[in-house]
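Position in the sequence shown counted from 1, then plus 13, gives you this note's numbering.
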Amino acid sequence: MASEEFFKLGIQSLSNDTRDSTRVSLKVPPKNRGDFLFRPGQYINIKFHKGDCSYLRTYSICSSDTGENLEFAAKHIENGVFSEYIKEKKIGDTLSISRPAGHFVVSEIKSSCLLLIAAGSGITPIISIAKSFLESNQRNKVILLFCNKKYETMMFREDVQDLKDSYISRFLVFNFFTQEYQETEFLNGRINASKIEFLIEKKIINVGHIDEVFICGPLDMTKILAQTLERVGFKKYQVRSEIFFAENRAPIRAELTSGHYTGESSVIEIRLDGVRKFVSLAQGGDLIDSAKAAGIILPFACKNGMCATCRCKVLSGKVQMHQNFSLEDWELKKGYILSCQLQAIDDKVILDFDNI
Ligand SMILES: Cc1cc2nc3c(=O)[nH]c(=O)nc-3n(C[C@H](O)[C@H](O)[C@H](O)COP(=O)(O)OP(=O)(O)OC[C@H]3O[C@@H](n4cnc5c(N)ncnc54)[C@H](O)[C@@H]3O)c2cc1C
Ligand code: FES
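And the structure:
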């Protein structure tokens, strides 16, 4: 990704799906419609200032198609910077929004049946995928497994109900609650391996009929479910996951994994916006911060391996990542890396942010 551009979009409406979330509809002016074409499941980055500090946060688009409006929904995190910021916004205020990005999208190969799994605010990209997929072809089918604490904390509950009403024979939904008792015992508690196995046993999930699976929720849930799905017969490439939050990375020492490299710093050549620049990266240093100190602003958002805004291609040199929750195997094989997680294990590394 070359340098990220931001566009000022006006807030058209603000609503509260639940007491602790805000749903925002932004007006996309006709001249910017091309900039905001998106594929359901993609996200935008929002740049904002509070006090003297500048922040970036990532939000999945929850609208189902590109039009006059672009929607996202933010769950309020206690004392969260954006969570507090958005509560103060009014209709007519503007937000600085990046172009849509991300690979959590239905593949180009013709899929006709999807299994979607969401927990809490993980429903945001999932609802966009579900709506657009059901609308796009009258043979398409969707099974949604959706887990929340209780009914009142369930984001997009009306949208889910509307989809049920509109696509009775093609949309099947199971609502699981962890803090509200339901008579059907199966629907109580988190979505876990045994619930998936039960649905397979009852032939509700038919492994051979489902083309792709999308999981969005906490890290531990997505990991366990992805492993379960592979165990029961899905291929790795059929299962995509996205997470919204991970604890900050645990630093790793290069020599532990590389076996050889003992240099104290590396020279990183950065190819961005058609220009070559050089940054010295100390062992264990943060490339985004080191580049910034050298006057180079690299694209980034979460700085934690989750969003892939910082993705680039390694043209030469050995590198490894601290953690990766967003790049898929095919991207790693092609030499893509998350620059926010980069650890150089070579004297010189060349990174390309343009031709990716
Ligand atoms: C690809 C992607 C898509 C995303 N899409 C959405 C979306 O559609 N809707 C949405 O609500 N969020 C989404 N997020 C998460 C979002 O970007 C923010 O991280 C989140 O809203 C918190 O921002 P904040 O500024 O309010 O909190 P911060 O100020 O960043 O965090 C405050 C405190 O809460 C902790 N924290 C942050 N996030 C969480 C969390 N989710 N759970 C528990 N603790 C947390 C932090 O470690 C910190 O201690 C997405 C993230 C990614 C990477
Ligand atoms: S900035 Fe989000 S993965 Fe690197």
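Even glycine gets a Cβ: it sits at the ideal position worked out from N, Cα and C. Bear in mind the structure is a predicted one, so any value in this text is a computation, not a measurement.
Paired residues, beta bridge with residue i - DSSP
i: Met319; result: DSSP, once it has assigned bridges, lists no residue as partnering Met319.
i: Gln333; result: Gln356
i: His62; result: Ser67
i: Asn114; result: Inspection of the sequence shows that residue 114 is occupied by Ala rather than by Asn. Ala114 is bridged to Tyr56.
i: Ala131; result: Phe159 and Cys229
Nearest-angstrom Cα separation, counted from residue j out to residue i
i: Asn161; j: Phe190; result: 5 Å
i: Arg324; j: Lys347; result: 12 Å
i: Asp299; j: Arg183; result: 47 Å
i: Asn337; j: Tyr349; result: 11 Å
i: Gln195; j: Ile204; result: 14 Å
i: Tyr164; j: Val155; result: 21 Å
i: Thr107; j: Ile59; result: 11 Å
i: Ala132; j: Phe159; result: 6 Å
i: Asp33; j: Ile99; result: 12 Å
i: Leu157; j: Asn29; result: 23 Å
i: Val226; j: Asn82; result: 27 Å
i: Thr374; j: Leu294; result: Because residue 374 is not part of the residues shown, which for the chain are 14 to 369, the question remains open.
i: Asn197; j: Asp78; result: For the sequence presented, residue 197 should be read as Thr rather than Asn. So the two alpha carbons sit approximately 35 Å from each other.
i: Thr235; j: Gln356; result: 26 Å
i: Pro113; j: Gln55; result: 6 Å
i: Ser279; j: Asp365; result: 16 Å
i: Asp172; j: Ile140; result: 8 Å
i: Leu50; j: Gln192; result: 38 Å
i: Ile256; j: Gly318; result: 10 Å
i: Leu345; j: Phe199; result: 38 Å
i: Gly12; j: Val327; result: There is simply no residue 12 to check, as the chain begins at 14 and stops at 369 in what is shown.
DSSP-derived helix/strand/coil call for residue i
i: Tyr98; result: helix
i: Ile265; result: The pLDDT assigned to Ile265 is 48, lower than 50, so where the model puts this residue is not dependable, and the model offers no usable value.
i: Gly23; result: strand
i: Asp365; result: strand
i: Ala239; result: helix
i: Asn205; result: coil
i: Ala87; result: strand
i: Tyr194; result: coil
i: Thr275; result: coil
i: Tyr180; result: coil
i: Leu50; result: coil
i: Ser38; result: strand
i: Leu185; result: strand
i: Thr270; result: With a pLDDT of only 49 at Thr270, under the threshold of 50, the placement of this residue in the model should not be trusted; the figure read from the coordinates follows. DSSP places Thr270 in helix when its eight states are reduced to three.
i: Asn82; result: strand
i: Ile142; result: helix
Distance cut-off 6 Å: residue i Cβ against heavy atoms of ligand 2
i: Gly115; result: no
i: Lys60; result: no
i: Ala314; result: yes
i: Ala321; result: yes
i: Leu351; result: yes
i: Gly318; result: yes
Residue i: CB within 6 Å of a non-hydrogen atom of ligand 1
i: Val94; result: yes
i: Phe258; result: yes
i: Arg70; result: yes
i: Thr137; result: yes
i: Glu73; result: What sits at residue 73 in the sequence shown is Ser, not Glu. Indeed, a heavy atom of ligand 1 lies less than 6 Å from the Cβ.
i: Ile363; result: no
i: Ala87; result: yes
i: Tyr56; result: yes
i: Ser38; result: no
i: Ser28; result: no
i: Ser134; result: yes
Worksheet entry | At least three beta-carbon pairs within less than 8 Å, the stretch 143 to 150 to the stretch 83 to 92 | no
Worksheet item: Using 8 Å as the Cβ pair cut-off and three pairs as the minimum, do the stretch 201 to 218 and the stretch 239 to 248 touch?
Response: yes
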